[in-house]
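Novice:
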Amino acid sequence: MNEKKISYNQIDFVVKAPRFRIVFSYMSDKGVAFVREYLLRLLKVTSCKPEQIAQYFGFSQHETKVALSDLEQNNWITWKENGLVELSTEGLQLFQNDMQDSPKIPILKEFSGEYRMELLDNNFLQKKNSDRFYQQAIELEIKPKILSESSEIARRTFQNRFRQLMEDIASLT
1 MNEKKISYNQ
11 IDFVVKAPRF
21 RIVFSYMSDK
31 GVAFVREYLL
41 RLLKVTSCKP
51 EQIAQYFGFS
61 QHETKVALSD
71 LEQNNWITWK
81 ENGLVELSTE
91 GLQLFQNDMQ
101 DSPKIPILKE
111 FSGEYRMELL
121 DNNFLQKKNS
131 DRFYQQAIEL
141 EIKPKILSES
151 SEIARRTFQN
161 RFRQLMEDIA
171 SLT
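Heads up: the sequence shown runs through residues 1 to 173, numbered per full-length UniProt numbering.
1) Taking the alpha helix (DSSP H) that D70 falls in, what are its first and last residues?
2) Could you compute how far the alpha carbon of L94 sits from the alpha carbon of P50?
3) K80 and E72 look like a contact to me (Cβ under 8 Å); what is the Cβ gap, rounded to whole Å?
4) Kindly confirm or deny that the segment 16-28 and the segment 108-119 touch, where touching means at least three C-beta pairs closer than 8 Å.
5) Name the one or two DSSP bridge partners that I53 has.
6) May I ask you to report which of helix, strand or coil DSSP gives A154?
7) Along the alpha helix (DSSP H) that carries I107, what are the first and last residues, could you check?
8) Near A17, what residues of its chain come up, given a Cβ to Cβ distance below 8 Å and the 5 sequence neighbours on each side ignored?
9) Which residue from S88, N123, I105, V15 puts its Cα closest to that of V45?
10) Inspect the beta-carbon positions of G91 and L43 and report whether they are closer than 9 Å.
11) Regarding P50 and the ligand ATP, is the C-beta to nearest heavy atom distance less than 8 Å?
12) Give a yes or no on whether the C-beta atoms belonging to I138 and I11 are separated by under 9 Å.
13) State yes or no: is the C-beta of L39 within less than 9 Å of the C-beta of L84?
14) Reducing DSSP to helix, strand and coil, say where D121 ends up.
15) According to the neighbour-count rule (16 or more other Cβ atoms, all chains shown, within 10 Å of its Cβ), is A154 buried or exposed?
16) Which of the three DSSP states, helix, strand or coil, is assigned to V14?
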């Protein structure tokens with residue numbers, strides 16, 4: 001067998017990847033605290049008087065008052081004329097997001113960060129794949145129109161790929 005050795009040089013290609021500071025917010029469903037959750041579940045099943053709630057949970061009169069005032073401040077309960085407590089329309093809406101009858105509270109979450117997006121295929125890059133310095137690299141040319149519209153392209157791409165980016169962020173933490 002005759003072996004031929006082929007000599008080669010490694011060639012690196014670089015693509016412009018401007019950095020964008022993106023500030024965004026989104027609604028996240030958060031589970032409620034233990035006492036809140038079970039009190040809301042009870043009131044979803046049936047209207048109750050405060051004394052019945054205290055007896056069911058083993059609360060003192062003060063603890064029952066605190067728990068009910070918390071729900072009342074959030075407009076999740078209403079009081080009937082006969083002294084019964086029931087879920088309000090807002091309280092019932094907490095149960096519409098989940099098939100397991102667990103109430104979920106929508107929470108506005110705000111994030112900001114710096115993201116790099118390569119302008120050839122409009123992909124966001126992880127930090128480990130950017131900021132490298134290549135001396136002997138061939139730079140791939142980006143059309144001037146794309147360079148001038150890069151902010152708008154980044155905004156649209158971020159919106160279109162938001163769910164995937166959130167999953168990537170969640171997997172890193």
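Yeah, the Cβ is synthetic: ideal placement off N, Cα and C, and Gly gets one too.
If you're wondering where the values come from, they're calculated on a predicted model, not measured in any experiment.
Specialist: In this structure, then:
1) Position 70 of the sequence shown, counted from the first residue, corresponds to residue 70. Counting along the chain, the unbroken alpha helix (DSSP H) around D70 starts and ends at 61-73.
2) For the purposes of this step, residue 94 is identified with residue 94 of the sequence shown, where counting begins at 1. For the purposes of this step, residue 50 is identified with residue 50 of the sequence shown, where counting begins at 1. If I take the Cα positions, the gap works out to 21 Å.
3) Translated into positions along the sequence shown, residue 80 becomes position 80. Translated into positions along the sequence shown, residue 72 becomes position 72. Taking C-beta atoms under 8 Å as the contact rule, K80 and E72 fail to qualify, at a distance of about 13 Å.
4) Judged by Cβ distances under 8 Å, the segment 16-28 makes contact with the segment 108-119, as three or more pairs qualify.
5) What you label residue 53 is simply residue 53 of the sequence shown in a count that begins at 1. Under DSSP, I53 forms no beta bridge with any residue.
6) The residue given as residue 154 occupies position 154 in the sequence shown. Helix.
7) As a working mapping, residue 107 is identified with position 107 in the sequence shown. For I107, no alpha helix (DSSP H) encloses it; the enclosing beta strand (DSSP E) starts and ends at 104-118.
8) What you label residue 17 is simply residue 17 of the sequence shown in a count that begins at 1. Result list for A17: R116, M117, E118, L119, L125, S130, in chain order.
9) As a position in the sequence shown, residue 45 is number 45, starting the count at 1. For V45, the closest alpha carbon among the candidates S88, N123, I105, V15 is that of S88.
10) For the purposes of this step, residue 91 is taken as residue 91 along the sequence shown, with counting starting at 1. For the purposes of this step, residue 43 is taken as residue 43 along the sequence shown, with counting starting at 1. Judged by their CB atoms, G91 and L43 are nearer to each other than the 9 Å cut-off.
11) Because no ligand of any kind appears in the structure shown, any question about the ligand ATP cannot be addressed here.
12) The residue given as residue 138 occupies position 138 in the sequence shown. The residue given as residue 11 occupies position 11 in the sequence shown. Yes, these two residues count as a Cβ contact at 9 Å.
13) Within the sequence shown, residue 39 is the residue found at index 39, counting from 1. Within the sequence shown, residue 84 is the residue found at index 84, counting from 1. No, they are not a contact pair.
14) In the sequence shown, counting from the first residue as 1, residue 121 sits at position 121. Looking at D121 - three-state DSSP - the assignment turns out to be coil, as it is neither helix nor strand.
15) Taking the sequence shown and counting its residues from 1, the one referred to as residue 154 is at position 154. If you draw a 10 Å sphere on the C-beta of A154, you find 16 or more other C-beta atoms in it, and that means buried.
16) On the sequence shown, position 14 is the one that residue 14 refers to. Strand, per DSSP.
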